[in-house]
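Number of protein chains: 2
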Amino acid sequence: MADVSKEGGEGTMGEEEAAAGKKFSKKEAAKLERQRKRQEHAAAAALSAVSIDETDPLASNYGDVPLIELQSKAVTGRKWTEVADLTEELKDQVVLIRGRAQTIRAVGKKMAFLVVREKGFTVQCVLTVTPDVLSGQMVKYAAALSKESIIDVEGVVSVPKDPIKGASQQVEVQVRKLYCVSKAIPILPINIEDAARSDAEIEKAEQAGEKLVRVNQDTRLNNRFLDLRTPANQAIFRVQCQVGTLFRQFLLSEGCIEIHTPKLIPGSSEGGSAVFKLEYKGQPACLAQSPQLHKQMAICADFGRVFEIGPVFRAEDSFTHRHLCEFVGLDVEMEIKEHYSEVMDVVDRLFVSMFDSINQNCKKELDAIGRQYPFEPLKYLPKTLRLTFEEGIQILKEAGVEVDPLGDLNTETERKLGQLVFEKYGTEFYILHRYPLAVRPFYTMPCYDNPAYSNSFDVFIRGEEIISGAQRVHVPEFLAQRAESCGIDVRTISTYIDSFRCGAPTHGGFGVGLERVVMLYCALNNVRKTSLFPRDPQRLAP
Amino acid sequence: MADVSKEGGEGTMGEEEAAAGKKFSKKEAAKLERQRKRQEHAAAAALSAVSIDETDPLASNYGDVPLIELQSKAVTGRKWTEVADLTEELKDQVVLIRGRAQTIRAVGKKMAFLVVREKGFTVQCVLTVTPDVLSGQMVKYAAALSKESIIDVEGVVSVPKDPIKGASQQVEVQVRKLYCVSKAIPILPINIEDAARSDAEIEKAEQAGEKLVRVNQDTRLNNRFLDLRTPANQAIFRVQCQVGTLFRQFLLSEGCIEIHTPKLIPGSSEGGSAVFKLEYKGQPACLAQSPQLHKQMAICADFGRVFEIGPVFRAEDSFTHRHLCEFVGLDVEMEIKEHYSEVMDVVDRLFVSMFDSINQNCKKELDAIGRQYPFEPLKYLPKTLRLTFEEGIQILKEAGVEVDPLGDLNTETERKLGQLVFEKYGTEFYILHRYPLAVRPFYTMPCYDNPAYSNSFDVFIRGEEIISGAQRVHVPEFLAQRAESCGIDVRTISTYIDSFRCGAPTHGGFGVGLERVVMLYCALNNVRKTSLFPRDPQRLAP
């Protein structure tokens, strides 16, 4: 896709790109004329695919919209109704809808049923041959539409006696006019109905001896723009949008400022294998693995409390269900007056209010997700449980799980602890704090009373770590000392240390991955399901 | 800074990073002990810098806070008042504030004035030697504080008769207690007062024969965390945050979904010089120059209307006041029913409501910016003026400016047109649409009535292009044809073209740079002033 961006990429900084096009002059009229002809040819080609019967006196009621009509020819003032808004209140009214032909079924030559989908909502549209209104040719035209084509349907809303099973809306549209705005190819890489099916449905069908298509993850991701059309995916990214919105709203209401830190940072060979390296105008550079340095600098720059929502890059070779090479980081950094519990307080209130709001505002979306991927609602307390790391170790010990009291927890132990905490406290969302110093980054502030521990915390959802946070060392001399203790060459981080020499507030912060929040909140089994276009060690496209 | 991220970078995806630390065992107690000693030593070192007179019976009222007290030792329940909130209503009350010692001035041995700054707001604090309350040694201690050190001040609010010139708050604090939380080095790379001065002040002083320090841009940017402490910079990034917030709020209220598209995309050698290239797990990759492809795919995925706020990367060698190598793109893409004017309608309402809100909600910030960088408020109409490109050419022609009627406008001509439009219509914000097709990217939809023109637009603020938008070609065959006409090898963009083959909505969108919006709204002369940590061909740090 390099050429697309090269050609312009929406010129926000882009007069050059626009200028990259050639300049016209009157001499080039001939070339223009050729272009005009080509354009007409394309329009004609689009039309030629239509098999309209010219002898049908009702031919103007249906057909493919020619390209020229779609080139902003006119503003007609017509109003389209959204499929989601089609309810009984509109009974007997004429509506115009635009959506996709999800399924098309002709019943003999006199009737056809079209399920039209828009943004995951579906409505059944009925074509019935009626003299002087709807011709047999029109039913034929409808029956020949390819699935996923975009169509304009004009018709009258009716309310059938029996509930409708094959569509989300409980009304029908008695079609009068039908136009195809954009044709899909006849054979799609993925059938949306196949992609939208739950495992349970497939298994049930199998038990009944019927073999249904199971769309595997790679096929889905290779054709992501199709896969995303399923109701569950439509819902997942609406929930993701809500999570981002709630995160932001809460933090703004707490006096935080949203910042944007650079993703291109200086990088030397010491960067390690988890860093994407590149050349920046002759200098070695890399992609930021977190906004850590810059968000701390923003605190040293007196912004008080800051947050950022932006991409984070990890070149790790992790092939797990929870790792991506690029994900959306939700990062917070804030001055603290006295204690790192001030940071945990923000985490607590932020997430509890976020969960409350999602439950309240995203009912339809959670239902849609649950229909394909059934899950139990997250259990959390109004005031988030906080356990110290030592208490966590103790709980594990009592359950017979022996772990290094000053080591880190592995994924399996975290899951076990989550289970034990749930049994004991009835919550799947909790904070574990006072981690051993040795398992945290060098810039973590040690505990005042025991340097084996640190003023840090992790937060867990359904037994998986989701947030990591801490008080930071703000004293430059001590920071240098801590770096040295961790075997880091202090000279390589002098910029970082120097930013604390001109008066540094006591501060702390935390970071969380947007995709993981959505994944774990909805108990999905793979972070690729909650990333719009996921990037992992084997996937860089689409 | 590679090592900082290596060590953890706040483990949102990070159990590995955390585990990168070594595991402790009981055997390592000796090492722990050494660490404990070092930590005590660091604390002692911090203390040793303090020249507290142990014989002063009032010595507990002042001094440097030892490190251990700043390691989350206790939650005392003390309440700090923000400097911005210090008003006459608090007269005679005891307050505790935390801020920076901006200026320190001793008057003899019995009195000292401290200006304390917090988030750009300042208050004058007065130390007066008083028996049994405030000692001469305490005045000496205060006088010896280094500028920009962070201090806790406890004192009584008083209201002086005369207005206070040297601080933003019109009350004083009669100091009782004074503690230094974090010391700044005695000689700072930048003096905040110097950095905060307007050109007018410097020139006025020069005329009076006084030479004031003028901090140049490179010095500012090299020490950005200091430079950002000036009231104007504090305000600029609060306005930037507001612009992002208003952009988002408006679009969410219009039914848009916020999306996050990948910044790492497949890239071949054809990418051109404006692309940052890198290796992605053995594959050639590059950094997205815009979310163009992916936001269009999101439209093909039925999201209806989407927007994104995220970094955009341009490797161009542009050394102008308005170009950056990394900036924050505000991008919108939306289905259109009939006409690209639907996109312009969104631009119109979005920006007018944004300007209205900034004027209303950011008065203090705009004042702070104006004090250092005086500017006239932006003049805009409640309904944004729209001119066709042909009309724009005509206006220029009438003013004697001859330009190619089918070419692009250069920066100079744009500025001239902005001036003429302002004279004629009284607005500094307007839309120019129906651009010549040849100067737009290949995916721009040509006009239905004349293929020399396109369904596209640019938007201008104060004579500079700020937004670029258009209807896109959604018909795959026509798109391929357009690409060919522009000399693009269709095979290199097959993924892009294929995403329109499964039914593509008619759609359009636009993009704008956050930094440019703030720069032009506030009539600042350089986009580096509105980028938190700017990146240009010569700057990759801090």
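If you read the protein sequences in the order shown, they are chains A and B.
Residue numbers for the first sequence follow the UniProt record's numbering, so the first one is 1 and each next one is one higher.
Residue numbers for the second sequence follow the UniProt record's numbering, so the first one is 1 and each next one is one higher.
Glycine is no exception: its CB is placed at the ideal position from the N, C-alpha and C atoms.
{"Asked": "The alpha helix (DSSP H) enclosing E423 (chain A), as first and last residue numbers", "Found": "T411 to Y425"}
{"Asked": "Residue ranges of each beta strand (DSSP E) within the stretch 313-389 of chain B, 3 or longer", "Found": "326-335 and 385-388"}
{"Asked": "Interface residues of the stretch 255-266 of chain B facing chain A [CB-CB below 8 Å]", "Found": "I257, E258, I259, H260, T261, P262, K263, L264, I265 and P266"}
{"Asked": "Buried or exposed by the 16-neighbour rule on C-beta atoms within 10 Å, applied to P311 (chain B)", "Found": "buried"}
{"Asked": "Proximal residues, the stretch 189-211 of chain B versus chain A, C-beta separation under 7 Å", "Found": "none"}
{"Asked": "Cβ distance (whole Å) where A232 (chain A) is taken to contact Q372 (chain A) below 8 Å", "Found": "4 Å"}
{"Asked": "Nonlocal neighbours in the same chain, by C-beta distance under 6 Å from T444 (chain A), ignoring five residues either side", "Found": "S454, S456 and A470"}
{"Asked": "Own chain residues within Cβ distance below 6 Å of T103 (chain A), not counting five before or after", "Found": "V115"}
{"Asked": "Within 7 Å of chain A by C-beta, residues of the stretch 330-352 of chain B in sequence order", "Found": "D331, K337, E338, H339, Y340 and S341"}
{"Asked": "Chain A within 7 Å of K73 (chain B), Cβ atoms only", "Found": "yes"}
{"Asked": "Chain A within 7 Å of A184 (chain B), Cβ atoms only", "Found": "yes"}
{"Asked": "Cβ of M354 (chain A) within 7 Å of any chain B Cβ", "Found": "no"}
{"Asked": "Chain B within 7 Å of L520 (chain A), Cβ atoms only", "Found": "no"}
{"Asked": "As assigned by DSSP and simplified to three states, the class of F442 (chain B)", "Found": "coil"}
{"Asked": "Any non-hydrogen atom of the ligand ZN closer than 6 Å to S146 (chain B) Cβ", "Found": "The ligand ZN is absent from the structure shown, which contains no ligands of any kind."}
{"Asked": "Cross-strand partners of G400 (chain B) (DSSP beta bridge)", "Found": "Beta-bridge pairing links G400 (chain B) to no other residue."}
{"Asked": "Contacting residues, own chain, Cβ-Cβ under 6 Å from V133 (chain B) (five flanking each side not counted)", "Found": "none"}
{"Asked": "Min CB distance V65 (chain A) to chain B below 7 Å", "Found": "no"}
{"Asked": "Identity of the residues DSSP links to M111 (chain A) by a beta bridge", "Found": "A:V107 and A:T128"}
{"Asked": "Distance, F351 (chain A) Cα to N361 (chain A) Cα", "Found": "15 Å"}
{"Asked": "Within chain B, the residues that R462 (chain A) reaches when beta carbons sit closer than 8 Å", "Found": "Within 8 Å Cβ-Cβ: nothing; R462 (chain A) doesn't reach chain B, min ~15 Å."}
{"Asked": "For G511 (chain A), the three-state DSSP class (helix, strand or coil)", "Found": "strand"}
{"Asked": "Helix, strand or coil at A101 (chain A) according to DSSP, with G and I counted as helix", "Found": "strand"}
{"Asked": "Rounded straight-line distance, which links the Cα of M519 (chain A) to that of N525 (chain A)", "Found": "7 Å"}
{"Asked": "is_contact[K416 (chain A), chain B] using C-beta, thresh 7 Å", "Found": "no"}
{"Asked": "Contact list for I68 (chain A) against chain B, beta-carbon separation under 7 Å", "Found": "Y448"}
{"Asked": "Neighbourhood of P542 (chain A) by C-beta distance below 7 Å, restricted to the same chain and skipping five residues each side", "Found": "R224 and F533"}
{"Asked": "Length of the line joining the Cα atoms of G509 (chain B) and E69 (chain A)", "Found": "19 Å"}
{"Asked": "Contact between the stretch 198-210 of chain B and the stretch 115-129 of chain B (3+ Cβ pairs under 8 Å)", "Found": "no"}
{"Asked": "Host beta strand (DSSP E) of K461 (chain B) (start-end)", "Found": "Per the sequence presented here, residue 461 (chain B) reads as Ile, with Lys not at that position. Where I461 (chain B) is concerned, the enclosing beta strand (DSSP E) stretches over S456 to I461."}
{"Asked": "Residue from A:F422, A:V401 and A:L406 with nearest C-alpha to R386 (chain A)", "Found": "A:F422"}
{"Asked": "Separation of A235 (chain B) from S357 (chain B), as counted between CA atoms", "Found": "15 Å"}
{"Asked": "C-alpha gap between G513 (chain B) and R349 (chain A), whole angstroms", "Found": "33 Å"}
{"Asked": "Span separating the alpha-carbon of S531 (chain A) from that of I259 (chain B)", "Found": "10 Å"}
{"Asked": "Proximal residues of chain B, C-beta to C-beta of P231 (chain A) below 9 Å", "Found": "By Cβ distance, chain B contributes nothing, its closest Cβ being about 10 Å from P231 (chain A), past 9 Å."}
{"Asked": "Residues near I466 (chain A) in its chain [Cβ-Cβ closer than 7 Å; skip 5 each side]", "Found": "V459, F460, V512, R516, V517 and L520"}
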